[in-house]
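For the protein sequence lines, the chains are A and B, in the order given. Counting along the first sequence from 1, when you hit position 114 you're at 444 in our numbering, and nothing is skipped either side. Counting along the second sequence from 1, when you hit position 23 you're at 484 in our numbering, and nothing is skipped either side.
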Amino acid sequence: METVFTPIASFSGGMIIGLAAVLLMLGLGRILGGTGILSGLVFAENASEGLWRGAMVLGMILAPVLIYLVTGAMPQIAVPVSSMMIVIGGIIVGFGASLGSGCPSGHGVCGLSRLSVRSLVAVPVFMLTAGITVFIIRHVIGA
Amino acid sequence: MKLIYALLAGVVFGIGISLSGMIDPAKVLNFFDVAGTWDPSLAFVMGGALLVTAIGYRLVWRRNAPLFDSRFQVPTFTVIDRRLVGGSAIFGIGWGIAGFCPGAAIPALGTGRWEVALFVVSVIAGIGIRRMVAPSQPLPSPSAG
Numbered sequence: 331m332e333t334v335f336t337p338i339a340s341f342s343g344g345m346i347i348g349l350a351a352v353l354l355m356l357g358l359g360r361i362l363g364g365t366g367i368l369s370g371l372v373f374a375e376n377a378s379e380g381l382w383r384g385a386m387v388l389g390m391i392l393a394p395v396l397i398y399l400v401t402g403a404m405p406q407i408a409v410p411v412s413s414m415m416i417v418i419g420g421i422i423v424g425f426g427a428s429l430g431s432g433c434p435s436g437h438g439v440c441g442l443s444r445l446s447v448r449s450l451v452a453v454p455v456f457m458l459t460a461g462i463t464v465f466i467i468r469h470v471i472g473a
Numbered sequence: 462m463k464l465i466y467a468l469l470a471g472v473v474f475g476i477g478i479s480l481s482g483m484i485d486p487a488k489v490l491n492f493f494d495v496a497g498t499w500d501p502s503l504a505f506v507m508g509g510a511l512l513v514t515a516i517g518y519r520l521v522w523r524r525n526a527p528l529f530d531s532r533f534q535v536p537t538f539t540v541i542d543r544r545l546v547g548g549s550a551i552f553g554i555g556w557g558i559a560g561f562c563p564g565a566a567i568p569a570l571g572t573g574r575w576e577v578a579l580f581v582v583s584v585i586a587g588i589g590i591r592r593m594v595a596p597s598q599p600l601p602s603p604s605a606g
């Protein structure tokens, strides 16, 4: 299924994602990573570590609702894969990201911007395996 | 105050994820589908985010400490080990299957789509399985990711 190329919205949105990462560093001194925040919330080692992550997750979830209240439309989402693929993909994502200490937000944005050697390795690796996976699913298996 | 600040940072992040198109798995999967319905938008997301973060982090680090904590907690581990490479490779496979990543899926929960909730629950299960079969040593970079 085709999607519209949105360079300006994507670049602006990316800058806002970067701003959020900078704000978190300024306020709490932490790297902003989706997996780290989810993992630190669900498997919190103490209440205070869980609390700020809970507040942050709540803010993230509120964002599309605020966008809806302002613009009258929810951000557009199309899910072109089956429920089974969501479950299998989700389990693999959670396992891999927590084993590799990061995902696109943690390694991709925060790690690359501070030239972390580990992120400079992690990002090309997961971009490559994601690309190969999409190629196999769409053009070899033809799903 | 710290919690309100964290909530606001989360709102900013969620707005960025929504506006950028990262929230839409169809767009994410098309970014990887160079041989098919390619949509290069996500390269622009990365460009915008890196530009702001690369400059912003350096400005923030001129301070001695963050506003609500005593020190910056930035991973200092630099070893390239099998967990890093293998975990990242595995993550990419899952990302390519589902089209969601954790940072995009959390804000996407706010749209109320059940598929997103199913994905987030699955991610948590995946993290739980990892904690059982490959428990962390003293975690190299606990908050990255």
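Virtual Cβ for every residue (Gly too), placed ideally from N, Cα, C. Here the structure is a predicted model, which means the values were calculated and not measured.
8 Å Cβ cutoff, residue i in contact with chain A
{"i": "Gly587/B", "result": "yes"}
{"i": "Arg523/B", "result": "no"}
{"i": "Pro536/B", "result": "yes"}
{"i": "Met593/B", "result": "no"}
{"i": "Pro568/B", "result": "yes"}
{"i": "Pro596/B", "result": "no"}
Residue i (DSSP reduced to helix, strand or coil)
{"i": "Arg360/A", "result": "strand"}
{"i": "Ser369/A", "result": "helix"}
{"i": "Gly606/B", "result": "In this prediction, Gly606/B has a pLDDT of 46, which is less than 50 and means its spatial position is unreliable; nothing more can be read from the coordinates."}
{"i": "Pro601/B", "result": "Per-residue confidence for Pro601/B stands at a pLDDT of 49, beneath the threshold of 50, marking its modelled position as unreliable; the derived number appears in the next sentence. Residue state, collapsed to three classes: coil."}
Extent of the continuous alpha helix (DSSP H) to which residue i belongs
{"i": "Glu576/B", "result": "Trp575 to Val594"}
{"i": "Arg544/B", "result": "Arg543 to Ala559"}
{"i": "Pro411/A", "result": "One point to set straight first is that residue 411/A is Val, not Pro, in the sequence displayed. No alpha helix (DSSP H) holds Val411/A; DSSP gives it neither H nor E."}
{"i": "Val472/B", "result": "Lys463 to Ser481"}
{"i": "Gly564/B", "result": "Pro563 to Ala569"}
{"i": "Val528/B", "result": "Looking at the sequence shown, residue 528/B is not Val but Leu. Note, Leu528/B: premise wrong, no alpha helix (DSSP H); not H, not E."}
{"i": "Met386/A", "result": "Ala377 to Thr401"}
{"i": "Met507/B", "result": "Ser502 to Val521"}
{"i": "Met457/A", "result": "Val447 to Phe465"}
{"i": "Val489/B", "result": "Pro486 to Phe493"}
Best match in the options for proximity to residue i [C-alpha to C-alpha]
{"i": "Thr401/A", "options": "Tyr466/B, Ile476/B and Met593/B", "result": "Ile476/B"}
{"i": "Ala460/A", "options": "Leu570/B, Phe552/B and Val577/B", "result": "Phe552/B"}
{"i": "Ser378/A", "options": "Ala467/B, Leu520/B and Ala559/B", "result": "Ala467/B"}
{"i": "Arg360/A", "options": "Val470/A, Met386/A and Met404/A", "result": "Met386/A"}
{"i": "Val506/B", "options": "Ile416/A, Phe335/A and Ser412/A", "result": "Phe335/A"}
{"i": "Val625/B", "options": "Gly420/A, Leu354/A, Met331/A and Pro337/A", "result": "Only positions 462 to 606 of chain B appear in the structure, and residue 625/B is not among them; the question remains open."}
{"i": "Ile346/A", "options": "Lys488/B, Leu511/B and Gly555/B", "result": "Leu511/B"}
{"i": "Ala393/A", "options": "Ala470/B, Pro563/B, Thr514/B and Ala526/B", "result": "Ala470/B"}
{"i": "Leu490/B", "options": "Met415/A, Val352/A, Gly426/A and His437/A", "result": "Met415/A"}
CB-CB length for residue i against residue j, believed under 8 Å
{"i": "Ile391/A", "j": "Ser479/B", "result": "Contact doesn't hold; Cβ gap of about 11 Å is too wide."}
{"i": "Gly424/A", "j": "Gly587/B", "result": "2 Å"}
{"i": "Ala595/B", "j": "Leu429/A", "result": "6 Å"}
{"i": "Ile558/B", "j": "Ile422/A", "result": "7 Å"}
{"i": "Gly343/A", "j": "Gly497/B", "result": "Not a contact, Cβ separation roughly 24 Å."}
{"i": "Ser449/A", "j": "Leu442/A", "result": "5 Å"}
{"i": "Phe533/B", "j": "Lys463/B", "result": "Contact doesn't hold; Cβ gap of about 15 Å is too wide."}
CB contact below 8 Å: residue i versus chain B
{"i": "Leu353/A", "result": "yes"}
{"i": "Ala374/A", "result": "no"}
{"i": "Val470/A", "result": "no"}
{"i": "Thr401/A", "result": "no"}
{"i": "Gly380/A", "result": "no"}
{"i": "Ala377/A", "result": "no"}
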